[in-house]
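K.L.:
Please see the structure below; I have some questions.
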Amino acid sequence: MAVPALLVLFAIPQDRNPPTHTTTTTTMFWFSSHQQQQQQQQPPLLPTLPTSKSKIRRTLKAPGRPIAIRKDHITDTKTLLIVRPQGDAQSAVAYKIQDADGMTLYTATGRKFSNRPCREFRDASGLPLFELHRKTSFKNNWSVTLPGSNPTSPIAKGAVQRSSFSAAGWGNCNFTITFDNVAAADGKQPEERTLTLEVQRHGNVLALFDIVDGDRKIAEVKESIRHNEKLALMPASRLGYRPVLDVIVTPGVDMALIATIAVIASDTVFASNY
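For the sequence shown, full-length UniProt numbering gives the first residue as 1, with consecutive numbering after it.
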């Protein structure tokens with residue numbers, strides 16, 4: 001009769017402890033529901049802001065027609081430009097723009113180097129090309145003029161897109177460049193030659209800009225990994241930081257125009273006191 005006794009002993013804990021899978025399922029269901037309620041009740045840490053980071057980045061593609069403010073500076077091949085800050089933002093030469101072989105193609109002076117409050121762009125021979133003015137009334141607007149011309153008669157205008165403003169500041173915004181495309185087909189009226197390029201900011205750590213014409217990315221500007229001795233990866237290390245920029249220009253695009261956009265991007269993002 002020992003065997004039946006054993007059976008009774010084993011049956012007692014089975015009767016006193018109901019199956020655990022029901023309790024586990026109930027607990028998991030309660031935890032999941034409670035977690036969903038908490039998530040619905042808690043507001044997001046930061047508001048959702050419209051930024052270029054949410055846009056799909058395009059691949060580089062040459063424009064369907066030439067684009068220029070100086071026709072004699074249109075490249076016929078895919079070209080790498082290297083934008084090198086020199087000295088400080090007020091130096092006689094504040095930027096050098098070089099090709100992949102290290103040959104200087106353009107220079108840009110510091111804002112206070114001459115008696116005119118602007119950056120003066122010169123070609124490799126030292127010939128003045130144009131001037132870049134920053135509007136004193138609103139420092140996120142720019143104008144490009146011919147040498148010695150009145151800033152109120154620009155050949156190109158730049159402006160930050162307010163819709164892209166974020167809590168991180170103006171340096172994280174997109175901006176536009178509007179100009180008379182002197183490379184447009186003959187016979188077009190001035191209003192038909194007017195062209196606007198969008199400069200879209202990307203990247204969280206390293207600065208990166210896409211220069212977009214309609215649905216085509218015709219150039220890009222990015223903080224150089226190869227040409228900088230060090231990179232400022234932390235916010236605290238970016239004070240006074242003016243890195244070298246790599247610029248890629250597609251065929252059919254004015255290199256001087258893109259170099260100007262790169263300098264605007266550098267001045268805006270890296271607070272060079274311009």
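Glycine is no exception: its CB is placed at the ideal position from the N, C-alpha and C atoms. A quick note: this is a predicted structure, and the numbers were derived from the prediction, not measured.
For the alpha helix (DSSP H) holding residue 264, just list the boundary residues, first then last.
P.N.:
255 to 269
K.L.:
How far does the beta strand (DSSP E) with residue 85 in it reach, from first residue to last?
P.N.:
Run containing residue 85: 79 to 85, per the beta strand (DSSP E) assignment.
K.L.:
Going along the chain, which residues of its own chain have a beta-carbon closer than 8 Å to the beta-carbon of residue 61, five neighbours each way excluded?
P.N.:
216, 217, 218 and 250
K.L.:
Can you name the residues that DSSP bridges to residue 156?
P.N.:
In the DSSP output, where bridge partners are listed per residue, residue 156 has 144 and 179.
K.L.:
On the DSSP letters alone, give me the boundaries of the beta strand (DSSP E) that residue 128 sits inside.
P.N.:
DSSP places residue 128 in the uninterrupted beta strand (DSSP E) bounded by 128 to 134.
K.L.:
With 16 other CB atoms within 10 Å as the buried threshold, where does residue 98 fall?
P.N.:
buried
K.L.:
Buried or exposed, going by whether 16 or more other CB atoms sit within 10 Å of the CB of residue 103?
P.N.:
exposed
K.L.:
From 144, 105 and 253, pick the residue whose C-alpha is nearest to that of residue 177; which is it?
P.N.:
144
K.L.:
Would you report the Cα separation of residue 205 and residue 153, rounded to the nearest angstrom?
P.N.:
37 Å
K.L.:
Measure the C-alpha to C-alpha separation of residue 117 and residue 257 and round it to an integer number of angstroms.
P.N.:
20 Å
K.L.:
Near residue 96, which residues of its chain fall below 7 Å by C-beta distance, leaving aside the five closest residues on each side in sequence?
P.N.:
In its chain, beyond the 5 residues on either side, 84, 86, 104 and 107 have a beta carbon closer than 7 Å to the beta carbon of residue 96.
K.L.:
Quick check on residue 227: does DSSP put it in helix, strand or coil?
P.N.:
coil
K.L.:
Please name the residue or residues paired with residue 123 in a DSSP beta bridge.
P.N.:
106
K.L.:
Quick check: residue 69 and residue 186, are their CB atoms within less than 7 Å of each other?
P.N.:
no
K.L.:
Out of curiosity, what's the CA-to-CA distance linking residue 79 and residue 262?
P.N.:
14 Å
K.L.:
Taking the alpha-carbon positions, what's the residue 122 to residue 142 distance?
P.N.:
18 Å
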